[in-house]
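Student:
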Amino acid sequence: MADIEFPLPDLGEGLVEATVLEWLVAEGDEVERNAPLVEVETTKSAVELPSPQAGRVLRLHAAAGETVQVGEPLITFAGQDSPGGAEDAGQDSPGIVGTVPTRREPTRRVRLTPPED
Amino acid sequence: MRTAGRDGVELAWQRTGDGPPVLLVHGFGSDAAANWDRTGWVRAIADAGRCALAVDLRGHGASGKPLDPAAYALELLVADLVAVLDAAGTEVVDVLTYSMGGLVGLELARRHPARVRRVVVAGLGAREAFAGIGPGEARALVEQGGEPADPVAREVVAMSSAPGNDPSALAACVEGLAGTRPDSEVPAPVLVVAGSRDAVADSAAELGAALGAQFVLVPDRDHRNAVSARLFKRSALEFLAAE
Numbered sequence: 000m001a002d003i004e005f006p007l008p009d010l011g012e013g014l015v016e017a018t019v020l021e022w023l024v025a026e027g028d029e030v031e032r033n034a035p036l037v038e039v040e041t042t043k044s045a046v047e048l049p050s051p052q053a054g055r056v057l058r059l060h061a062a063a064g065e066t067v068q069v070g071e072p073l074i075t076f077a078g079q080d081s082p083g084g085a086e087d088a089g090q091d092s093p094g095i096v097g098t099v100p101t102r103r104e105p106t107r108r109v110r111l112t113p114p115e116d
Numbered sequence: 000m001r002t003a004g005r006d007g008v009e010l011a012w013q014r015t016g017d018g019p020p021v022l023l024v025h026g027f028g029s030d031a032a033a034n035w036d037r038t039g040w041v042r043a044i045a046d047a048g049r050c051a052l053a054v055d056l057r058g059h060g061a062s063g064k065p066l067d068p069a070a071y072a073l074e075l076l077v078a079d080l081v082a083v084l085d086a087a088g089t090e091v092v093d094v095l096t097y098s099m100g101g102l103v104g105l106e107l108a109r110r111h112p113a114r115v116r117r118v119v120v121a122g123l124g125a126r127e128a129f130a131g132i133g134p135g136e137a138r139a140l141v142e143q144g145g146e147p148a149d150p151v152a153r154e155v156v157a158m159s160s161a162p163g164n165d166p167s168a169l170a171a172c173v174e175g176l177a178g179t180r181p182d183s184e185v186p187a188p189v190l191v192v193a194g195s196r197d198a199v200a201d202s203a204a205e206l207g208a209a210l211g212a213q214f215v216l217v218p219d220r221d222h223r224n225a226v227s228a229r230l231f232k233r234s235a236l237e238f239l240a241a242e
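Chains as they are written, first to last, in numbering that gives the first Met the number 0: chain A, 0 to 116; chain B, 0 to 242.
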């Protein structure tokens, strides 16, 4: 199966780029969906991005200190036939949860929202 | 959730997760979403088996924004936190703070020692609040904008002009809290955390010493980007997990 590449998501407030502060995963790591993936910094604030899927990290496209434009590749996961990747890889195109999750699973938390309100 | 403070100001807050509660108190010009949610803190706290109570301080986020500096007296901000704890049905809490939120969290521990177990203070130095901004200067500062040389003044200008913020309310907040000192004794264990490049909190080690606190320096981080640091999260969650 094809490897799955995720771009830097739109972080809101009209920001067009972000700088990698620290990767919280390494190439080759098996990560769970929604686990902390990377810290990035915009001109406004620091943001931690959670993993959009479970699977094995194939490639990190920017080192700490490098700037990535919104829409440019951020991370690539190994394709669905790799160990751990099958469970969460979907048919639609999931995105990293910056501001707009493109895929929600009712049984799993995508964004943390209060139980009441 | 919305809860009224002692003087009627509306306070917005959210509860996430189950377990022993942690009250999250954000910094100047920020709010619960920017300081704690987007930085991964709420997720980390929930993953640690804790409940996050994240409040928007008055003048910030979705809470009421009074324009009178007297509405930002430290005592009233502390009363706001008590009102949120009462509304949440929470008797005893750990408190996690950033920057100006530390002034409020530490004073909560002083005034209500039975309700506060442990306090984490990050991005806060030992000097009085908003040192470098003279009496009555705050309003002119946020109206003029620009890039003042003083790091505290620069931060106030930058945060005041951020989207969604009310510069007049934030100027009132600066005036109401100016001169507050963070460094008097606190009857709870305290952890102090700061980025090694944090110009706003460059006296954080002194604050730690004054409070008899543990101190963690986060390498290569400044006031803006120390918030999300893994070392900050790990240190704070370990400290708050202690009996």
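For every residue, glycine included, the Cβ atom is placed at its ideal position computed from N, Cα and C.
(1) What is the residue span of the beta strand (DSSP E) that residue 85 of chain B lies within?
(2) Can you list, in chain order, the residues of its chain with a C-beta nearer than 6 Å to that of residue 104 of chain B? Leave out the 5 residues immediately preceding and following it.
(3) Measure the Cβ-Cβ separation of residue 107 of chain B and residue 80 of chain B and say whether it is below 7 Å.
(4) If I follow the unbroken beta strand (DSSP E) through residue 44 of chain B, where does it start and stop?
(5) Name the one or two DSSP bridge partners that residue 20 of chain B has.
(6) What's the call for residue 15 of chain B, buried or exposed, on a 16-neighbour Cβ count within 10 Å?
(7) What is the DSSP secondary structure of residue 209 of chain B, counted as helix, strand or coil?
(8) For residue 63 of chain A, name the three-state secondary structure that DSSP assigns.
(9) Could you compute how far the alpha carbon of residue 145 of chain B sits from the alpha carbon of residue 153 of chain B?
(10) Decide if the region 203-216 of chain B is in contact with the region 82-90 of chain B; the criterion is three or more beta carbon pairs, one per stretch, under 8 Å apart.
(11) Shorter than 7 Å from the beta carbon of residue 24 of chain A to some beta carbon of chain B?
(12) If contact means a Cβ-Cβ distance below 9 Å, which residues of the region 47-71 of chain A contact chain B?
(13) Which term fits residue 159 of chain B, buried or exposed, when burial requires 16 or more other beta carbons within 10 angstroms of its beta carbon?
(14) Report back the beta-carbon spacing between residue 38 of chain A and residue 50 of chain A to the nearest angstrom; my notes put them in contact at under 8 Å.
(15) Beta-carbon of residue 215 of chain B versus every beta-carbon of chain A: anything under 7 Å?
(16) For residue 46 of chain A, collect the residues of the same chain with a Cβ closer than 8 Å to its Cβ; drop the 5 residues on either side in sequence, then sort them by chain order.
(17) Just to make sure I have the definition right: I need the residues of chain A whose C-beta is within less than 7 Å of the C-beta of residue 224 of chain B. Which are they?
(18) Report the neighbours of residue 162 of chain B on chain A: residues whose CB is nearer than 7 Å to its CB, in chain order.
(19) Once DSSP output is grouped into helix, strand and coil, what is the label at residue 37 of chain B?
(20) Please report the distance separating the alpha-carbon of residue 189 of chain B from that of residue 120 of chain B.
(21) I'd like the ranges of any alpha helix (DSSP H) spanning at least 4 consecutive residues and lying wholly in the region 131-205 of chain B.
(22) Which residues in chain A sit within 7 Å of residue 33 of chain B, going by Cβ to Cβ distance?
(23) From the beta carbon of residue 227 of chain B, is the nearest beta carbon of chain A less than 7 Å away?
(24) At the 7 Å Cβ level, is residue 8 of chain A part of the contact set with chain B, yes or no?
(25) Using 8 Å for Cβ pairs, my map puts residue 6 of chain A next to residue 59 of chain A. What's the rounded Cβ distance?
(26) If you draw a straight line from the C-alpha of residue 13 of chain B to the C-alpha of residue 4 of chain B, how long is it?
(27) For the region 64-93 of chain B, list every residue whose C-beta sits within 8 Å of some C-beta in chain A, in sequence order.
(28) Under 7 Å between C-beta atoms, does residue 100 of chain B make it to chain A?
(29) Which same chain residues, not among the five before or five after residue 2 of chain B, have their C-beta less than 6 Å away from its C-beta?
(30) I'd like the list of long-range same chain contacts for residue 12 of chain A, defined as Cβ closer than 7 Å, with 5 residues on each side in sequence excluded.
(31) Under a Cβ-count criterion, where at least 16 other Cβ atoms within 10 Å of its own Cβ denotes burial, should residue 4 of chain A be classed as buried or exposed?
(32) Please list the partners that residue 2 of chain B has in chain A, where partner means a Cβ-to-Cβ separation under 7 Å.
(33) Specify, as a first and last residue, the run of the beta strand (DSSP E) that residue 5 of chain A falls within.
(34) Please go through the region 94-138 of chain B and give each complete alpha helix (DSSP H) segment of 4 or more residues, from N-terminal end onward.
(35) Using a beta-carbon distance below 7 Å, is residue 26 of chain B in contact with chain A?
(36) Name, in chain order, the residues that DSSP records as bridge partners for residue 66 of chain B.
Tutor: Let's see:
(1) Where residue 85 of chain B is concerned, there is no enclosing beta strand (DSSP E), although the alpha helix (DSSP H) it sits in stretches over 73-87.
(2) So the list reads 24, 94, 96, 118, once near-sequence residues are dropped.
(3) Cβ distance < 7 Å, so residue 107 of chain B and residue 80 of chain B count as in contact.
(4) DSSP places residue 44 of chain B outside any beta strand (DSSP E); the residue lies instead in the alpha helix (DSSP H), whose first and last residues are 40-46.
(5) Paired residue(s): B:50.
(6) Classification for residue 15 of chain B: buried.
(7) Of the three classes helix, strand and coil, the one that applies to residue 209 of chain B here is helix, per DSSP.
(8) The three-state secondary structure of residue 63 of chain A, taken from DSSP, is coil.
(9) Taking the straight line from one Cα to the other gives about 8 Å.
(10) Contact annotation: the region 203-216 of chain B does not touch the region 82-90 of chain B, with fewer than three C-beta pairs closer than 8 Å.
(11) No, because no Cβ of chain B sits closer than 7 Å to the Cβ of residue 24 of chain A.
(12) Legend: CB atoms of the region 47-71 of chain A lying less than 9 Å from CB atoms of chain B belong to residues 47, 48, 49.
(13) Residue 159 of chain B should be labelled buried.
(14) Between residue 50 of chain A and residue 38 of chain A the Cβ distance is about 13 Å, and since that is not below 8 Å, they are no contact.
(15) Interface residue (Cβ-Cβ distance to chain A less than 7 Å): residue 215 of chain B is not classified as such.
(16) Here the set comprises 10, 17, 38, 39, 40, 97.
(17) The answer, in chain order, is 20, 40, 45.
(18) Those are 12, listed as they occur along chain A.
(19) Residue 37 of chain B falls in the coil class under three-state DSSP.
(20) Their Cα atoms are separated by approximately 7 Å.
(21) Counting only runs of 4 or more residues that sit fully inside the region 131-205 of chain B, the alpha helix (DSSP H) segments are 137-143, 150-159, 166-176, in chain order.
(22) Per Cβ cutoff of 7 Å: 44.
(23) For residue 227 of chain B, a Cβ of chain A is located within less than 7 Å of the residue's own Cβ.
(24) False, the Cβ-Cβ gap to chain B never drops below 7 Å.
(25) In this structure residue 6 of chain A is not in contact with residue 59 of chain A, their Cβ atoms being roughly 13 Å apart against a cut-off of 8 Å.
(26) Taking C-alpha positions only, residue 13 of chain B is separated from residue 4 of chain B by approximately 15 Å.
(27) Those residues of the region 64-93 of chain B placed with their C-beta closer than 8 Å to a C-beta in chain A do not exist.
(28) Interface residue (Cβ-Cβ distance to chain A less than 7 Å): residue 100 of chain B is not classified as such.
(29) Excluding residues within five positions, the ones whose Cβ falls inside 6 Å are 10, 82, 83, 86.
(30) Here the set comprises 43.
(31) By the 16-neighbour rule on beta-carbons within 10 angstroms, residue 4 of chain A is exposed.
(32) Going along chain A, no residue has its Cβ under 7 Å from residue 2 of chain B, so there is no contact; the nearest lies around 12 Å.
(33) The continuous beta strand (DSSP E) containing residue 5 of chain A extends over residues 3-6.
(34) For the region 94-138 of chain B, whole alpha helix (DSSP H) runs of length 4 or above, ordered along the chain, are 99-110.
(35) Answer no: the Cβ-Cβ gap between residue 26 of chain B and chain A never drops below 7 Å.
(36) Partner(s): none; residue 66 of chain B has no beta bridge.
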